[in-house]
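Numbering (full-length UniProt numbering), first residue to last: 1 to 234.
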């Protein structure tokens with residue numbers, strides 16, 4: 001897809017992968033609608049922020065309506081990036097934390113995606129990027145709730161691409177390993193460090209998938225830091 005002039009919606013844009021993706025899309029000439037609870041520190045003529053909490057369908061619908069009203073076109077690209085994780089033994093996770101993870105990571109993707117699909121089908125072109133995690137392909141101790149949500153993202157992505165592929169619409173699921181973001185702020189067992197991937201690395205992978213030939217479809221992309229514990233000394 002040629003990204004020049006295309007309309008992209010990115011969720012969770014305040015920082016990290018979401019913000020890096022917005023910046024990369026703007027560099028490619030796209031118009032970007034950023035949906036999130038907090039606006040990023042970004043000023044650009046082609047960037048428009050719309051307050052949105054993806055946990056709530058009403059909030060997503062309002063952001064979508066505002067996006068179409070202000071930018072007056074179909075959405076060509078959706079990057080479902082908003083997400084969070086809470087660590088803890090299964091029996092210790094609070095009901096509130098459990099529900100918040102599923103409402104954000106799973107329900108949020110449903111609420112956002114269902115609104116853009118009709119327009120993409122009408123255009124005969126579109127690309128939905130779902131940010132999962134390596135937690136979406138394996139189990140991680142004390143991350144059962146988070147892993148459950150990211151496994152769900154994988155299942156949704158695999159089912160959806162089979163529903164929309166014949167309309168020229170792509171669905172790509174990306175499974176990052178550890179990234180230098182605020183995701184780990186509330187996870188005491190992990191400290192962000194320079195051996196993790198950078199948000200702009202994930203954004204570059206998203207750009208690669210988006211700019212591929214119309215008949216070339218990235219379904220699953222797993223990315224990890226090459227040396228997560230640093231370079232081994234001789």
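Ideal Cβ placement from N, Cα and C applies to all residues, glycine included.
Residue i: which of the options sits nearest, CA to CA?
i           : options               : result
residue 27  : 46, 10, 16 and 17     : 46
residue 225 : 105, 198, 214 and 153 : 198
residue 236 : 113, 204, 42 and 59   : Absent from the model: residue 236. The displayed extent of the chain is 1 to 234, so no value can be given.
residue 101 : 10, 153, 39 and 205   : 153
residue 151 : 44, 200 and 106       : 106
residue 111 : 123, 58, 94 and 163   : 58
residue 164 : 118, 221 and 88       : 118
residue 54  : 86, 38, 104 and 99    : 104
residue 15  : 32, 1, 38 and 2       : 38
residue 230 : 20, 76 and 196        : 196
residue 84  : 124, 12 and 23        : 12
residue 87  : 24, 149, 214 and 20   : 149
Do residue i and residue j have their CB atoms nearer than 8 Å?
i           : j           : result
residue 174 : residue 219 : no
residue 259 : residue 167 : There is simply no residue 259 to check, as the chain begins at 1 and stops at 234 in what is shown.
residue 63  : residue 129 : no
residue 34  : residue 49  : yes
residue 9   : residue 78  : yes
residue 1   : residue 211 : yes
residue 98  : residue 145 : yes
To the nearest angstrom, how far is it from the Cα of residue i to the Cα of residue j?
i           : j           : result
residue 140 : residue 147 : 7 Å
residue 51  : residue 194 : 31 Å
residue 92  : residue 142 : 9 Å
residue 18  : residue 96  : 25 Å
residue 108 : residue 126 : 19 Å
residue 56  : residue 228 : 36 Å
residue 6   : residue 30  : 5 Å
residue 232 : residue 4   : 43 Å
residue 82  : residue 42  : 18 Å
residue 60  : residue 70  : 15 Å
residue 80  : residue 206 : 11 Å
residue 222 : residue 44  : 31 Å
residue 74  : residue 94  : 40 Å
residue 204 : residue 89  : 34 Å
residue 172 : residue 234 : 39 Å
residue 124 : residue 116 : 12 Å
Task: Inter-stretch contact at 8 Å, needing at least 3 Cβ pairs: the region 166–179 / the region 129–146 - done: Touching, per the Cβ criterion.
- [ ] Go through the region 125–183 residue by residue and report every complete run of the alpha helix (DSSP H) that reaches 4 residues or more, in order.
- [x] 144–164
- [ ] Mind listing, in chain order, the continuous beta strand (DSSP E) runs of no fewer than 3 residues lying wholly within the region 10–55?
- [x] Taken in chain order, the complete beta strand (DSSP E) segments of 3 residues or longer contained in the region 10–55 are 31–36 and 47–51.
- [ ] Entirely within the region 56–133 and at least 4 residues each: give me those alpha helix (DSSP H) ranges in chain order.
- [x] As far as the region 56–133 is concerned, its whole alpha helix (DSSP H) runs of at least 4 residues are 57–71, 95–102 and 108–123.
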